[in-house]
Amino acid sequence: MNVITVERKILEKNDEIASKNRRAFSEHGIFTVNIVSSPGAGKTSILEQTIERLKGRVSLAVIEGDVQTDLDARRVAKYGVPAVQIVTRGGCHLEAGLVHEALQNIDLSTIQLLVIENVGNLVCPANYDLGEAVKVVVASTTEGDDKPLKYPAMFRNASVLIINKIDLLPYLKADLSTLRKNALSINPSLAVFETSCTTGAGIDEWCEWLVERTGRKDT
Amino acid sequence: MHELSVAQGIVDIVKQHVPEHELQSVRAIRLKIGAVAGIVQDSLEFSFGVITAESPLAGAVLAIETVPFVVKCRQCGRESLNEQGIILCSYCGSSDTNVIAGTEMQIAAIEVEDPSPEAS
Numbered sequence: 118m119n120v121i122t123v124e125r126k127i128l129e130k131n132d133e134i135a136s137k138n139r140r141a142f143s144e145h146g147i148f149t150v151n152i153v154s155s156p157g158a159g160k161t162s163i164l165e166q167t168i169e170r171l172k173g174r175v176s177l178a179v180i181e182g183d184v185q186t187d188l189d190a191r192r193v194a195k196y197g198v199p200a201v202q203i204v205t206r207g208g209c210h211l212e213a214g215l216v217h218e219a220l221q222n223i224d225l226s227t228i229q230l231l232v233i234e235n236v237g238n239l240v241c242p243a244n245y246d247l248g249e250a251v252k253v254v255v256a257s258t259t260e261g262d263d264k265p266l267k268y269p270a271m272f273r274n275a276s277v278l279i280i281n282k283i284d285l286l287p288y289l290k291a292d293l294s295t296l297r298k299n300a301l302s303i304n305p306s307l308a309v310f311e312t313s314c315t316t317g318a319g320i321d322e323w324c325e326w327l328v329e330r331t332g333r334k335d336t
Numbered sequence: 024m025h026e027l028s029v030a031q032g033i034v035d036i037v038k039q040h041v042p043e044h045e046l047q048s049v050r051a052i053r054l055k056i057g058a059v060a061g062i063v064q065d066s067l068e069f070s071f072g073v074i075t076a077e078s079p080l081a082g083a084v085l086a087i088e089t090v091p092f093v094v095k096c097r098q099c100g101r102e103s104l105n106e107q108g109i110i111l112c113s114y115c116g117s118s119d120t121n122v123i124a125g126t127e128m129q130i131a132a133i134e135v136e137d138p139s140p141e142a143s
């Protein structure tokens, strides 16, 4: 038996393209966030609110990832920002190569912030670097307070946790402090925001965090 | 179900190390998969079986070594093992730690059967 030593990362191809994306972002002074969550946690709603608040302050573009339809890109485009839809046709996550292709349709020289909305899924997107600066995980109160413990990889790899739909807490068994505690036990360095897209609570704080990190264009 | 794309990644890398005409001699592919890498072993084996069926790699098996999740504390210097992927140091409780193992997805080696002497 002949044993060939390999010692290579299985997803190295993805990681190589992600590095290429990251270089392009850094060359253009763009801060890139990769938003992940289970389906229906409110990623697109948070994005809509974010775009409204950043209007006139930060120039941004959006890449939308969905299994099917361009509904989300159309929702976002209504706010007058460039939005590119990636349809994965069954694929459960975005990969760096798909983002790289989508970038061909965005003028990087004009934007300071790129938001990539990943496919709704708390498992697979954790493994795929897209070249982003930070991963933002959205957990909604209706999902219960135990999700960080059940899907630790996503919470460990994220820098920001947005706890969304806090306006529904009075009707739910989920406990906000338990959700926070569970998430911070997996990753104590998470910046946590508590938001509601219905009342607008917490969105300003999240937007300020984003603006502080957004690339400055010298133009 | 990203195991399918992981299985495709394995096949791509194997093909870069083993010449086309020797692919059918590949008996096993040794993998190191972190305990919290988010890979379901059954799904990975199933996916690998599906994409290699009726190809020269059909019948090759995945020999998976699971690597435990370990963090090294930057405060007290000790290493702790945590099955649930929690990054707190289990000795001093600090969160100032580095993940040193348990999230990897790696091909360690490929086992290829030696060609029989008469078949040149």
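Chains as they are written, first to last, in the numbering used here: chain A, 118 to 336; chain B, 24 to 143. All C-beta atoms in this analysis are idealised placements derived from N, C-alpha and C, irrespective of residue type, glycine included.
Just checking: is the beta-carbon of A/HIS217 within a distance shorter than 8 Å of some beta-carbon in chain B?
no
Of the listed residues A/VAL179, A/SER143, A/TYR268, A/ILE280, nearest to A/GLU165 (C-alpha basis)
A/VAL179
In chain B, which residues lie with their C-beta within 7 Å of the C-beta of A/LYS126?
MET128, GLN129
Counting only Cβ pairs nearer than 7 Å, list the residues of chain B close to A/HIS210.
HIS25
Indicate whether at least one CB of chain A lies closer than 8 Å to the CB of B/ILE36.
B/ILE36 counts as touching chain A.
Quick one: measure Cβ to Cβ for A/SER162 and A/CYS314, integer angstroms, because I've assumed they're closer than 8 Å.
Contact holds; Cβ gap of about 4 Å.
How big is the Cα-Cα spacing for B/ALA131 and A/SER302?
32 Å
Give me the Cα-Cα distance between A/GLU212 and A/ALA318, rounded to the nearest whole angstrom.
32 Å
Any idea what DSSP makes of A/VAL289, helix, strand or coil?
With the sequence shown as reference, residue 289 of chain A is identified as Leu, and Val is not the correct amino acid for it. A/LEU289: coil per DSSP, three-state reduction.
Does DSSP put B/ALA131 in a helix, a strand or coil?
strand
Where A/VAL232 and A/LEU177 are concerned, what is the direct C-alpha to C-alpha distance, given to the nearest angstrom?
Cα to Cα, A/VAL232 sits roughly 8 Å from A/LEU177.
Just to confirm, is the Cβ distance from A/VAL150 to A/VAL251 under 8 Å?
yes
As assigned by DSSP and simplified to three states, the class of A/THR312
coil
Just to confirm the assignment, what range does the beta strand (DSSP E) spanning A/LEU164 have?
Run containing A/LEU164: none in the beta strand (DSSP E); it sits in the alpha helix (DSSP H), 160–171.
Does the segment 272–281 of chain A touch the segment 219–235 of chain A, meaning 3 or more C-beta pairs lie closer than 8 Å?
no
Candidates B/GLU43, B/ILE62, B/PRO42, B/SER48, of which the one nearest A/PRO242 by Cα:
Minimum Cα distance to A/PRO242 is reached at B/ILE62.
List the residues of chain B that A/THR122 touches, going by C-beta distances under 7 Å, in chain order.
ALA132
Do the CB positions of B/VAL59 and B/GLY116 come within less than 8 Å of each other?
no
According to DSSP, simplified to helix, strand and coil, what is A/LYS267?
Residue state for A/LYS267 is assigned as helix, using DSSP reduced to three classes.
Determine the extent of the beta strand (DSSP E) in which A/LYS137 is found, giving its start and end residues.
Here A/LYS137 belongs to no beta strand (DSSP E); instead the alpha helix (DSSP H) covers 129–144.
Excluding the five sequence neighbours on either side, which residues of its own chain have a C-beta within less than 6 Å of the C-beta of B/LEU111, listed in chain order?
SER118
So, does the CB of A/VAL240 fall closer than 8 Å to a CB anywhere in chain B?
yes
B/VAL73 classed as buried or exposed, judged by whether at least 16 other C-beta atoms fall within 10 angstroms
exposed
A/ASN299 versus B/SER78 - alpha carbon distance
46 Å
I'd like to know whether the C-beta of A/ARG273 is nearer than 8 Å to at least one C-beta of chain B.
yes
Buried or exposed for B/TYR114, going by 16 or more other Cβ atoms inside 10 Å?
exposed
Let's test the definition: count the other Cβ atoms within 10 Å of the Cβ of B/MET128 and tell me whether it reaches 16, buried, or not, exposed.
Buried: at least 16 other Cβ atoms inside 10 Å.
Relative to chain B, which residues along the segment 289–314 of chain A have a C-beta separation below 7 Å, given in chain order?
SER302, ILE303, ASN304, PRO305, SER306
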